[in-house]
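Top line first, the protein sequences correspond to chains H and B. Reading the first sequence from the start, the letters are residues 300 to 699 in this note's numbering. Reading the second sequence from the start, the letters are residues 1301 to 2189 in this note's numbering. Think of the CB as a built atom: it goes at the ideal place given N, C-alpha and C, for glycine as much as any other residue.
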Amino acid sequence: MSTYRHICFLLLLAAFAATSCVYDFRPQVDGEGGYLIVEGDIVVGDSFDILTSWSSSLVDTTQGDERWQILNTNKMHIEASDGTRYENQFSSGFWSPGGGSPRGHFDLREADPSLQYRLVLENVRGTYVSSWASPMSPGQIDSLSYRISEDRTTMSILVAAHADDTSESYYRWSVEETWEYHADVHAYYKYIEEGGVGQILPMPESESLYYCWTGSRRPEIMTGSTQGLVENRLADHLLYTMTNRDVRLSILYRADVRQMRIPEEAYRYWQVMERNSSDIGGLFSPEPSELRGNVVCVERPEELVLGYVGVMSVATRRLHIKNYEARFYRTPSPILPAPDTLGTDVEWYKAFRSGYLPGDAVFTENGDLIGYEWWPRRCVDCLSKGGTKNRPADWPNNDY
Amino acid sequence: MKRRVLLLLGILFLGYLLPCGAQTPGEPFGVYKADIDQLIRFIRTEVSPDVYFVRDTSDHKNYTIRVPRESFLQKAFEELRANGYTVTEYDGKFFLIRGTDLATTLPSGYFEDKKETRIDTAFQKYLANQAAVMTFQNKVYEIGDPEQARKSGKSTVRGYVRDVANGEPLAGVSVFLDDGRTYVQTDAYGFYKIAMPVGAGKLNFSGYSLEDLKLDLMVYGDGSLDVVMKEKVFSLKGAVISAESMVQHRTPQMGIEKVRMNVIKNVPVVFGEADALKVVMTLPGVKSVGEASSGFNVRGGSTDQNLVLFNGGTVYNPNHMFGILSSFNPDVINDVELYKSSIPAQYGGRISSVLEVRSRDGNNKKVQGSLGLGLLTSRLHLEGPLVKDRTTFILGGRTTYSNWIFNLLPENSSYAGGKASFQDVNLGLSHKINERNSIHAYGYFSRDKFSFSNDTTFRYRNINGSLKWHSIFSDRHTMTATVGYDSYHYGIEDRFNVYTAYALNTAVDQAFAKVHFTTTVGEDHTLGYGIAAVGYDLNPGSYHPAGDSSLVLSRDLDHEKALEAALYAGDTWRINDKLSLEAGLRWSQFFRPGSSRFHGGPEFRLSGKYSFNDVTSVKAGFNTMRQYIHMISNSINVSPTDSWRLTSDKIRPQTGWQAAAGFYRTLMDNTLDLSLEAYFKQVKHYIDYKSGAVLVMNENLADELVETENRAYGVELMAKKTIGKLNGWVSYTYSRSRLREMEDRGVETINGGRWYNAAYDKPHDVKVVANYKFTHRYSISANLDYATGRPVTIPVGRYSYEGGIRLVYSERNSYRIPDYFRLDLALIIEPGHYLKQLTHFSMTFGCYNVTGRKNPYSVYYTSDGYKISGHMLSVFATQIPYVNFNLKF
């Protein structure tokens, strides 16, 4: 909860002021870039990626081309405490000028979970290592659920988790989400042009432009702990919230939740990262804290390296939210242009050339065809909103 | 024989314009349609000051006398006689009484071997039978027994100074001799004690907003003299020279700021509620991190380094509604006094400052009260005698009704469940056991509750209770003994998730006892000494499930208990007319059961003054301080999750010293005080936190903390005008306050072990507080505040990580928010001066932040994972008009 906004709001009410008291503002900063970032976790029992990058200045995002070149000299491997080396299997298919790669791909499916592991990264700047750790069992995801607020404006995604050992657990979750959406207008017809002659035909299911699928990764940092609880389990722990205007929830929403247990030190790291990005600047907000991960430059231990490379194994679980059950999504009334009803193939051709597509047919009261509604492509083609027509495997409905 | 003389003094006539201006000789001279008061006033001013009269309220005659100056007095007396007055002349003085003759001769033999001054006894007897209030400054009062009169040396004159209107003791009144060096101030009980040479002498009484008094005394030996003073009706023409403006030249102490409630009431503040703490913030050397911030910072010190005392008890959170208002009810406050440099040995336990807030004693003549109505709060206060002239009470209460604001909100807004409320109650009882002993009891309760949704509720409360016994053992020896109990409790209840719903409570409870003695030794030494002890019982955190479904494990951190005891002695030594010294030593000791280390040590307080002349002085001071209780916080403001912790094996006491020097000069007929003070200050073991520290419910809290040293220095320039139509002050401060981590923790060390700015380091600071009186009823006030923006830690870089955009922060406090500027204006309408009217109505109209400047509280970037946005939080981003009604009855 960002307390400051509440307080701010209260103060303003008290002052009878109508303006908001949080203003957009660009502080004058010199800008600092150039911290090495190592992102990813060592997942024992699975394959995974490690990514490297640089932080950039807030004010000057173009700086430091030569720094990015350094990443092409990266040579990464995973080291186990028994001396086993797991080499980087990533191949971009291109020749790398630095002889290395900013990205690493590792396969630890056969790795021994009782050993300790760490990441070793060498480049022209130096050698960077993450701290040794052995994987923690991820615990179990008991359930995933959603809860709709009383005023039906927000939906909370909740997790219940437990671990069998009795000590307190620290969890981190990451969520890959996939959702189905549709275009604003269902096109039942398609226009085909052959040799300057256009014709309108019924749209076959296989070519429908109405339903699309897309996905992304939740940007929230999701952590939780059972510290201070009677039992080593979390019930209805909030992962993230969505609003009733979020198009993800419009038809069918899928969340693939990955659960990891992490040591307390890592938990604190993630908490600080979360706080630094969301809960600062308010009246009672804690001051932002410096974030130092577990990756250290061997030659220059004082160098700030951003990122926490944990060692873990992962539990997964999937949640589906169907809007016809949840009845949560509120369709925003899209501002649609009035369609043109066009009856001649000359008009059709012209419209098609201008980026319009047919939607539905228009009839007289007697049932005689007048023509077809023509819409801008963005209104009828769901692909124009960034998705694909590839319905994911195991999708719970048969939309096309 | 020790005789007690109760004087009823006061000038009734000031405040009226003279009927005529001064005339050149030869021209017609006189008054036109002047009433009796105006006439007497005119005679005193223009002809002879030695005219005394007993007012007869039935005299409504208007006098018109226009004659040459030489014959004016004669003509006036004729007129007065014609109107039933008796004019009695004795020893060059004229006494006017309507209807009664005065005997100017006494039975023969009455004066044998006695002083001439007994002569007016008859007149005095007459006065004793009159209820009338008299102007009687030039009468001679006898002190001590003439039968056993000393031949030479000095005697002690002591007594109480009270308000003529209601009998309340007047604290901080300057009492001084004409020699320009003998000077004392009345204490909180209105008590004073001054050494006077035997024989005839003059004793002056002067206090801010009070009529000055000058009394003729004939001192035979030690004795007492109680005095009543009258609130000044502002003279619109010219200024009355007041000793208040000369205080700086008389005491060796420096860095003391005293503000009385009537000044406080004139300073415009947000929402118009007169507020003692907000006025303290307008003094040089006092800063806050921003608007609506609870704490204040004195000379580069942190907020927990201020000791806030209310009638002797410690108030840990003197704020309502996150700092919008202070928790001191303006109707019961008498004055506030801030010690920012020379802290008397009597006080200790905090590094930076002592803020003493004193409430008034109740009116000992009659029951009266007031009712106040503001935008956020309403107030009621009642006071009066329980037993006339012996036992008085004062009761004040405030409550807020800001909840109605929330009820205006639409139901589907996420603030619909929001609430904020507070109440506070003050009770004061004083009982005069006899002339030498009095007992005072004080009770204080305040509570706050606020929530922004139905899920989370914050609560805190202060309770203070104390009992004071003030005793005068002898003319040279007094004692004040105080016992009391202070309590501060804070709680958060979070029911967002029924399975993790919890209630978190923290508390500071303390019991204290202190005995303070003052003794006058010889003519030039005033000793103050005593003992003080505080027993602490802190609850650093108890965490409990809220509701039946909660899985939260009940957990209570061990209470922290300790005893802090101190023994101290100090001496104010008037070496000669020009030079005086104040030296003190305080030994404080901290006992913590189960702790293997003893903490304790000496504290030194030293200050000296050298006056070049009556209006020019220099001072220097040095003091050391120790602090055993610490507020642990990782926010810049005093926040709900802060907790207080005691010194332990792992947390060392904070220690600090301050050296200061100042130059003082008074100009313009003693109406304008200029001061320049410079200081350097160093504090060790000030507690800061490690990056990412967990401060709540942490058993091993000490591991999350780091010790820093603090170095602060500054120069404070101030011009202050206490009297006249225009009064107020202008100050400029240049100051720095920087911190450095003491231990080297390698890469983890804050800012690499270099000096960094404290969050309240605001180098340039200009403050203006001004009040201009057009007439006795109408005045305007202005308050101006400019300060350099405070340091912040802000994002300077960004990167993508785990699906979102994240921020890279600068080193701690290495940037600043934009500068702060604010101007407030207020129009104050005082009640009319109709004594017979039962109620008096006053109003204040004002506007806070007249220019509407959007002063930033903080600037920052946030990342919602997808994009980064820059923000500025401004607390009062617009003009805030207000109106406040007060009804006195």
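Establish whether the CB of residue i and some CB of chain H are separated by less than 8 angstroms.
i, result
"Glu-2102 (chain B)", "yes"
"Ser-2169 (chain B)", "yes"
"Asn-1712 (chain B)", "Summary for Asn-1712 (chain B): the model assigns pLDDT 43, below 50, so the residue's position carries little reliability, and this model does not support an answer."
"Arg-1761 (chain B)", "no"
"Pro-2095 (chain B)", "yes"
"Thr-2162 (chain B)", "yes"
"Gly-1992 (chain B)", "yes"
"Arg-2098 (chain B)", "yes"
"Leu-1851 (chain B)", "yes"
"Tyr-2060 (chain B)", "no"
"Val-2047 (chain B)", "yes"
"Asn-1797 (chain B)", "yes"
"Ser-1678 (chain B)", "no"
Note down, in chain order, each residue of its chain lying with its Cβ closer than 7 angstroms to the Cβ of residue i, except the 5 sequence neighbours on either side.
i, result
"Ser-557 (chain H)", "The sequence shown places Arg at residue 557 (chain H), rather than the Ser named in the question. Taken in chain order, the residues that qualify are Trp-472, Ser-473, Val-613 and Thr-615."
"Asp-348 (chain H)", "Gly-339, Arg-402, Gly-403 and His-404"
"Val-1540 (chain B)", "The predicted model places Val-1540 (chain B) with a pLDDT of 35, which falls under 50 and marks its position as unreliable; any figure quoted below should be read in that light. These residues qualify, in order along the chain: Asp-1512 and Ile-2023."
"Met-1554 (chain B)", "Ser-1641, Ser-1642, Ser-1907, Lys-1919, Gly-1921, Ala-1960, Gly-1962 and Glu-1977"
So residue i contacts chain B; which residues on that side make the cut at Cβ distance below 7 angstroms?
i, result
"Met-611 (chain H)", "Correct list: empty, because the minimum Cβ distance to chain B is about 14 angstroms."
Going by alpha carbons, who is nearest to residue i out of the options?
i, options, result
"Leu-1967 (chain B)", "B:Tyr-1989, B:Lys-2021 and B:Leu-2005", "B:Lys-2021"
"Lys-1565 (chain B)", "B:Ile-1624, B:Asp-1635, B:Lys-1587 and B:Val-1608", "B:Asp-1635"
"Leu-618 (chain H)", "H:Ala-482, H:Ile-520, H:Ser-352 and H:Leu-443", "H:Leu-443"
"Gln-1605 (chain B)", "B:Ile-1651, B:Leu-1625, B:Arg-1599 and B:Ala-1576", "B:Ile-1651"
"Ser-1626 (chain B)", "B:Ser-1849, B:Glu-1591 and B:His-1731", "B:Glu-1591"
"Asp-1478 (chain B)", "B:Pro-1618, B:Leu-1577 and B:Ile-1494", "B:Ile-1494"
"Ala-1813 (chain B)", "B:Ala-1865, B:Lys-1878 and B:Ala-2059", "B:Ala-1865"
"Arg-560 (chain H)", "H:Gly-523, H:Leu-528, H:Glu-646 and H:Ser-576", "H:Gly-523"
"Ser-576 (chain H)", "B:Arg-1952, B:Thr-2162, B:Gly-2053 and B:Ala-1382", "B:Thr-2162"
"Tyr-2109 (chain B)", "H:Glu-586, H:Val-337, H:Leu-370 and H:Met-502", "H:Glu-586"
"Ile-2127 (chain B)", "B:Phe-2121, B:Tyr-2078 and B:Ala-1832", "According to the sequence as given, residue 2127 (chain B) is Leu; it is not Ile. Taking only the C-alpha atoms, the option nearest Leu-2127 (chain B) is B:Tyr-2078."
"Asn-531 (chain H)", "H:Gly-425, H:Asp-463 and H:Thr-542", "H:Asp-463"
"Phe-1693 (chain B)", "B:Thr-1677, B:Lys-1732, B:Tyr-1701 and B:Met-1779", "B:Lys-1732"
"Arg-676 (chain H)", "H:Leu-508, H:Ile-550 and H:Met-502", "H:Leu-508"
"Ser-1880 (chain B)", "B:Ser-1854, B:Lys-1909, B:Gly-1900 and B:Pro-1644", "B:Lys-1909"
What residues in its chain sit with their C-beta under 8 angstroms from that of residue i, if we drop five residues either side in the sequence?
i, result
"Ala-1993 (chain B)", "Asn-1934, Glu-2004 and Leu-2005"
"Met-611 (chain H)", "Asp-340, Ile-341, Val-342, Val-343, Pro-434, Met-435, Pro-437, Met-559, Arg-560 and Ile-561"
"Arg-2098 (chain B)", "Ile-2105, Arg-2106, Leu-2107, Val-2108, Ser-2163 and Ile-2168"
Does the CB of residue i have a neighbour CB from chain B at under 8 angstroms?
i, result
"Ser-683 (chain H)", "no"
"Arg-557 (chain H)", "no"
"Pro-437 (chain H)", "no"
"Pro-600 (chain H)", "yes"
"Met-454 (chain H)", "no"
"Gly-686 (chain H)", "no"
Which residues in chain H have a C-beta closer than 8 angstroms to the C-beta of residue i? List them in chain order.
i, result
"Met-1291 (chain B)", "Absent from the model: residue 1291 (chain B). The displayed extent of chain B is 1301 to 2189, so no value can be given."
Once you ignore the five residues that flank residue i on each side, which residues in its own chain have a CB closer than 6 angstroms to its CB?
i, result
"Thr-2178 (chain B)", "Gly-2152"
"Asp-1359 (chain B)", "Ile-1336"
"Lys-1768 (chain B)", "His-1740 and Thr-1782"
List the residues of chain B whose Cβ lies closer than 8 angstroms to the Cβ of residue i, in chain order.
i, result
"Gly-606 (chain H)", "Tyr-2101"
When every heavy atom of the ligand COA is checked, does at least one fall within less than 7 angstroms of the C-beta of residue i?
i, result
"Asp-659 (chain H)", "Although the ligand COA was asked about, the structure shown includes no ligands whatsoever."
Which residues in chain H have a C-beta closer than 7 angstroms to the C-beta of residue i? List them in chain order.
i, result
"Arg-2106 (chain B)", "Met-572 and Ser-576"
"Tyr-2109 (chain B)", "Asn-575, Pro-587 and Glu-589"
"Arg-1855 (chain B)", "Gly-527"
Problem set entry | Ranges of the beta strand (DSSP E) found wholly within the region 330-412 of chain H, counting only runs of at least 3 | List check, beta strand (DSSP E) in window: 335-338, 346-353, 374-379, 384-386 and 402-406.
For this session: Taking a Cβ distance cut-off of 9 angstroms, strictly less, list which residues of the region 1614-1645 of chain B are near chain D, in chain order.
Result: Protein chains in the displayed structure are H and B, and chain D is not among them.
Problem set entry | beta strand (DSSP E) segments (min. 3 residues) lying fully within the region 410-494 of chain H | Within the region 410-494 of chain H, the complete beta strand (DSSP E) runs of at least 3 residues are 416-422, 425-429, 439-447, 453-461, 469-481 and 488-493.
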